[in-house]
Amino acid sequence: MKILLNDRAEEFAADSISVTEMLILKKFSYKMRIIKINGALISKELYDSTAINEGDIVHMLYLMSGG
Amino acid sequence: MKLSDIRTHLSKFRVGIAGAGGLGSNCAVALARSGVGTLVICDFDIVEEENLTRQYFFTSQIGMMKTEALRENISRINPETILITHQRKIGSADVPEIFGGCHVIVEAFDSAEMKEMLIYSVFNTMPGVPLIVGSGLSGWGNSSGIKYRRIDDSLYICGDESTEAVENNPPLAPRVGIVANMQANVVLELLMKMS
């Protein structure tokens with residue numbers, strides 16, 4: 001499937017993957033992050049059960065301390 | 068558009084600023100100078116000597132509440148800016164009460180956990196209100212690494228999204244100021260499109 005991740009086209013072998021699987025496949029290990037799928041903010045507790053599907057628009061941002 | 072027209076337009080709006088440290092104090096000053104009508108500023112901390120490396124305060128203000136010190140400083144820059152201050156640590160449930168009525172909210176907290184809390188809270192309780200998050204501003208140099216990203220109409224990020232404020236890579240005035248002013252610049256861009 002193809003998705004847009006942070007405005008870039010990404011392709012995954014599976015037809016659908018969970019948020020957790022996407023993070024592992026992309027080696028995104030830093031924990032303080034925000035993920036939005038098609039405009040919806042995804043709670044951390046739902047990373048395992050939330051599916052990313054063909055055509056989804058996914059945004060991820062890292063929250064760094066300091067302000 | 069002429070400066071006087073810009074200032075007249077901006078005077079109609081209310082901007083929330085969550086935190087009055089390096090990001091919040093500098094962003095508030097930029098918005099007040101530009102002519103934003105009302106600033107709602109929330110912070111629970113007092114001014115400490117160490118803050119003067121990057122925050123918009125003065126030595127004579129050490130020991131004052133940051134919200135009150137900022138009120139004093141902004142009144143000397145633009146007395147027409149109305150400041151509404153809250154001296155407390157914000158919890159998730161307080162967000163709509165404190166920032167209700169704000170046209171845009173600036174995230175200016177120090178800790179990543181508080182940034183996260185505010186993003187979830189604004190998304191869940193004040194849907195549609197644009198939130199401008201600061202993330203990644205420590206150290207020096209790498210000016211081009213400081214970016215602005217629009218996620219969607221309600222979430223914008225300013226910062227390098229990679230440096231963390233730690234003891235051996237502290238936040239310093241130039242990069243903190245760049246991010247704070249970048250956040251203020253996004254606020255102006257959004258307000259100038261609003262009617």
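Here the protein sequences line up with chains D and G, keeping their order. Residue 1 is where the first sequence starts when you use our numbering, and the numbers rise one by one after that. Residue 68 is where the second sequence starts when you use our numbering, and the numbers rise one by one after that. Glycine residues also receive a C-beta, built at the ideal position from the N, C-alpha and C atoms. Given the structure is predicted, the values throughout are model-derived calculations rather than measurements.
Check, Outcome
"Collapsed DSSP secondary structure at L61 of chain D in the structure displayed", "strand"
"Close Cβ partners of S188 of chain G (< 7 Å) along its chain, the five nearest in sequence each way excluded", "S159 and V162"
"Whole-Å CB distance - M64 of chain D paired with S229 of chain G, under 8 Å assumed", "7 Å"
"Status (buried if at least 16 other CB within 10 Å, exposed otherwise) for F124 of chain G", "buried"
"Best match in G:L77, G:K133, G:I157 and G:C109 for proximity to E116 of chain G [C-alpha to C-alpha]", "G:K133"
"Sheet register partners of L88 of chain D (DSSP bridge)", "Chain D is shown only over 1 to 67; residue 88 of chain D falls outside these bounds and no answer can be derived."
"Option in G:G168, G:M181 and G:L98 with minimal Cα separation from N145 of chain G", "G:L98"
"Alpha carbon of A51 of chain D to alpha carbon of L70 of chain G, nearest angstrom", "49 Å"
"Buried/exposed call for R143 of chain G, threshold 16 Cβ in 10 Å", "exposed"
"Residues near L222 of chain G in its chain [Cβ-Cβ closer than 6 Å; skip 5 each side]", "L198"
"Euclidean distance between Cα positions of A175 of chain G and G91 of chain G", "5 Å"
"Minimum Cβ-Cβ distance from L41 of chain D to chain G less than 9 Å", "yes"
"Spatially closest choice to R100 of chain G from G:I113, G:E147 and G:I245, by CA coordinates", "G:E147"
"Residue burial classification, R8 of chain D (beta-carbon count within 10 angstroms, cutoff 16)", "exposed"
"Min CB distance Y62 of chain D to chain G below 9 Å", "yes"
"S65 of chain D at chain G interface by Cβ criterion, 9 Å", "yes"
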